[in-house]
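Enquirer: Each number in my numbering comes from the position in the sequence shown (counting from 1) with 975 added on.
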Amino acid sequence: MIIELIDRFTKHVAIRFIISGGTSAFVDLLVLYILNSVLGIHYLTSAVLAFICAFGVSFTLHKFWTFKSHGESTHKQVVMYLGTSLFGLFLNT
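Encoded structure:
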């Protein structure tokens, strides 16, 4: 019953997109907090490492779960997604 409810809820791409984005944001903040506040690593280094971790989670979730893309060139998609992510990072800083 619970599995059916989850399947019905996540059938829509928009819902999967929101969940994937939220998970990536959570990973970014969690890694940033752990590296900076717990381990005492400089905040810029922590932010870069957190971005890299969140990028990996985000790309993987979006490619294989949100959009269920398995056939296209992963290398090309990573490069395009990285370019878009770096542009967004540039706009936010």
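Glycine included, each C-beta is placed from N, C-alpha and C at the ideal position.
The structure presented is a predicted model; accordingly, all values stated were derived computationally and were not measured.
How about Val1054 and Cys1028: are their beta carbons less than 7 Å apart?
Expert: No.
Enquirer: Under 8 Å by Cβ, that's how I've got Val1002 and Val1032 pegged, so tell me the actual separation to the nearest angstrom.
Expert: Yes, Val1002 and Val1032 are in contact; Cβ-Cβ is about 5 Å, under 8 Å.
Enquirer: Sorted by chain position, which residues of the same chain lie with C-beta nearer than 6 Å to Ala1025's C-beta, five sequence neighbours on each side aside?
Expert: Hits under 6 Å: Asp1003, Val1006 and Leu1007.
Enquirer: Out of Ser995, Ile978 and Gly1015, state which residue places its alpha-carbon closest to the alpha-carbon of Lys1043.
Expert: When each option's Cα is compared against that of Lys1043, the closest is Ser995.
Enquirer: Is it right to say Phe1030 is buried, meaning 16 or more other beta carbons lie within 10 angstroms of its own, or is it exposed?
Expert: So Phe1030 ends up on the buried side.
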